[in-house]
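In the working numbering, the protein residues as written are 8 to 428. For glycine and all other residues, C-beta sits at the position ideal for the given N, C-alpha and C. For reference, the structure is listed below as structure tokens.
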Amino acid sequence: MIRVISLILFVGLSFAVTPQSKTDKLKREQKKLEKKITNTKSLLKQVTSNREASINELKLIENQIQSREALLKVYDNQVKMADVYISEKQEKVQALTKRMEKLKAQYKEMVLYAYKNRNKNGQIMFVLSADSYYEAQKRNKYLKSVSALHKKQAALIIQDQLKIKDEIQAIEIEKKKKEETLIEKRLEREAIEIDRGKKMEVLEKIQKEESILLAEIRKNEIKKQAIKKKIDEVIKRELEEIERKRKEAERRRREAARKNGEDVSSTTQDFTDQSSEGKISSKKFQNNRGALPWPVTKGSITEKFGRNQHPTLSGVYTDNNGIDISCPSNSQVRAIFEGEVTSVFTIPGSGKVVILKHGNYRTVYSNLKETMVSKGDKVSTKQKIGTILSEDNSLGILHFELHLVSGTSTKSLNPALWIDR
Numbered sequence: 008m009i010r011v012i013s014l015i016l017f018v019g020l021s022f023a024v025t026p027q028s029k030t031d032k033l034k035r036e037q038k039k040l041e042k043k044i045t046n047t048k049s050l051l052k053q054v055t056s057n058r059e060a061s062i063n064e065l066k067l068i069e070n071q072i073q074s075r076e077a078l079l080k081v082y083d084n085q086v087k088m089a090d091v092y093i094s095e096k097q098e099k100v101q102a103l104t105k106r107m108e109k110l111k112a113q114y115k116e117m118v119l120y121a122y123k124n125r126n127k128n129g130q131i132m133f134v135l136s137a138d139s140y141y142e143a144q145k146r147n148k149y150l151k152s153v154s155a156l157h158k159k160q161a162a163l164i165i166q167d168q169l170k171i172k173d174e175i176q177a178i179e180i181e182k183k184k185k186e187e188t189l190i191e192k193r194l195e196r197e198a199i200e201i202d203r204g205k206k207m208e209v210l211e212k213i214q215k216e217e218s219i220l221l222a223e224i225r226k227n228e229i230k231k232q233a234i235k236k237k238i239d240e241v242i243k244r245e246l247e248e249i250e251r252k253r254k255e256a257e258r259r260r261r262e263a264a265r266k267n268g269e270d271v272s273s274t275t276q277d278f279t280d281q282s283s284e285g286k287i288s289s290k291k292f293q294n295n296r297g298a299l300p301w302p303v304t305k306g307s308i309t310e311k312f313g314r315n316q317h318p319t320l321s322g323v324y325t326d327n328n329g330i331d332i333s334c335p336s337n338s339q340v341r342a343i344f345e346g347e348v349t350s351v352f353t354i355p356g357s358g359k360v361v362i363l364k365h366g367n368y369r370t371v372y373s374n375l376k377e378t379m380v381s382k383g384d385k386v387s388t389k390q391k392i393g394t395i396l397s398e399d400n401s402l403g404i405l406h407f408e409l410h411l412v413s414g415t416s417t418k419s420l421n422p423a424l425w426i427d428r
């Protein structure tokens, strides 16, 4: 009988253990997607009616649709989890109900037995017939515990049953809310699909001027290549200067060793991050991959890293050495990690550029109207370093790059994999 009580207590306590971590993860993902959708909505309101802005608007709408589809999946998963919870708890209610029926049957047998063998002095005689005082105490204690134990079993089962029913009712209410929200989100998705269709009608008219669009693309590609070339040249000069200083320091060390009669043999060293501070900075930066803050507080990636298909022209592709982030006009640009300003320069027609050093990593912020830092400045994470360049109060586009320095060369990395998505 004690085993029965222990089992019932265990079953009751097991109801309190739910996959809460999965629910919390879905809620965090839901909030993140809702925030992304809200940001994109605010950006769409600022898009002007010119052709270039219309293409940018189409990219924003595509982002919006993707975010909404991801959000719908989150809600689907939440509804499925609610179904699983309900099913599990119903099974446990059934198990408890069977156990309660078994206890009722035991009670029935006890009542029948007590009725058939009713004797006011029966219990007293059972105690007095013991061989010793100690055994009499045990018999008396046993008689009291038998009745209490059965009552306690029934009370525990009833209590747990009521609790489980309340939990199921709460989950069913939550499920209805999620289903209602899911319907609203689907309707919202249909609405944005309609908006996208309307926008495509406008773009079809623009596409008739295909030659103009192709000319603009070629112009922008030349502009991008000029930016890439300039950035590469600046970083290369920076690395060459670091190498020159290293060689000079090595030469002085050798001369000093020669004068002192010491061994002048030297080991090959990497010219980057020779200080412990530089190595620590690289390690910290790398350890924060996927969790670094955005270079703007509000924005949406409208051109990804690498090769991108043009949103309106079939068979036309563009290459991007970083990512383009559309953001509100006059947005402030911030450092995604602590570091040092190694370069600040201007590219005609493309605004100003700031390059930050984070150990062996470099972050590049292009298309700035104004800068708030100078070469050699130390910056902290999220520190404002400039203002985005935008025309006619329309959206601004930040061109953001990430490079890994290795020896005398650099490798472009996908910034989208490093910032918090």
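CB of residue i within 8 Å of CB of residue j, strictly
i, j, result
"residue 246", "residue 351", "no"
"residue 332", "residue 373", "no"
"residue 394", "residue 327", "no"
"residue 354", "residue 235", "no"
"residue 364", "residue 349", "yes"
"residue 6", "residue 391", "The displayed coordinates of the chain run from 8 to 428. Any statement about residue 6 would go beyond what the structure contains."
"residue 427", "residue 298", "yes"
"residue 33", "residue 85", "yes"
"residue 371", "residue 329", "yes"
Cα-Cα separation, residue i to residue j
i, j, result
"residue 89", "residue 357", "52 Å"
"residue 249", "residue 340", "27 Å"
"residue 274", "residue 31", "Residue placement at residue 274 is poorly supported in this model, since its pLDDT is 46, which falls under 50; the coordinates still yield a value, given next. In a straight line, the C-alpha of residue 274 is about 53 Å away from that of residue 31."
"residue 278", "residue 64", "Annotation note: pLDDT 45 at residue 278 (below 50); position unreliable, no value reported."
"residue 190", "residue 102", "35 Å"
"residue 385", "residue 171", "59 Å"
"residue 312", "residue 321", "19 Å"
"residue 196", "residue 167", "42 Å"
"residue 77", "residue 28", "19 Å"
"residue 37", "residue 253", "51 Å"
"residue 50", "residue 199", "15 Å"
"residue 205", "residue 71", "15 Å"
"residue 94", "residue 107", "20 Å"
"residue 145", "residue 173", "41 Å"
"residue 7", "residue 424", "Outside the displayed span of the chain (8 to 428) sits residue 7, for which this structure offers no information."
"residue 21", "residue 83", "With a pLDDT of 42 at residue 21, under the threshold of 50, the modelled position of this residue cannot be trusted; read the value that follows with caution. Residue 21 and residue 83: Cα-Cα distance of roughly 26 Å."
"residue 112", "residue 155", "16 Å"
Assigned secondary structure, residue i (DSSP; H/G/I helix, E/B strand, else coil)
i, result
"residue 374", "strand"
"residue 138", "coil"
"residue 47", "helix"
"residue 211", "helix"
"residue 332", "strand"
"residue 416", "strand"
"residue 408", "strand"
"residue 83", "helix"
"residue 158", "helix"
"residue 390", "coil"
"residue 313", "strand"
"residue 350", "strand"
"residue 305", "coil"
Neighbour-count burial assignment, residue i, 16 or more Cβ in a 10 Å radius
i, result
"residue 408", "buried"
"residue 387", "exposed"
"residue 244", "exposed"
"residue 119", "exposed"
"residue 177", "exposed"
"residue 309", "buried"
"residue 81", "buried"
"residue 201", "exposed"
"residue 92", "buried"
"residue 62", "buried"
"residue 367", "buried"
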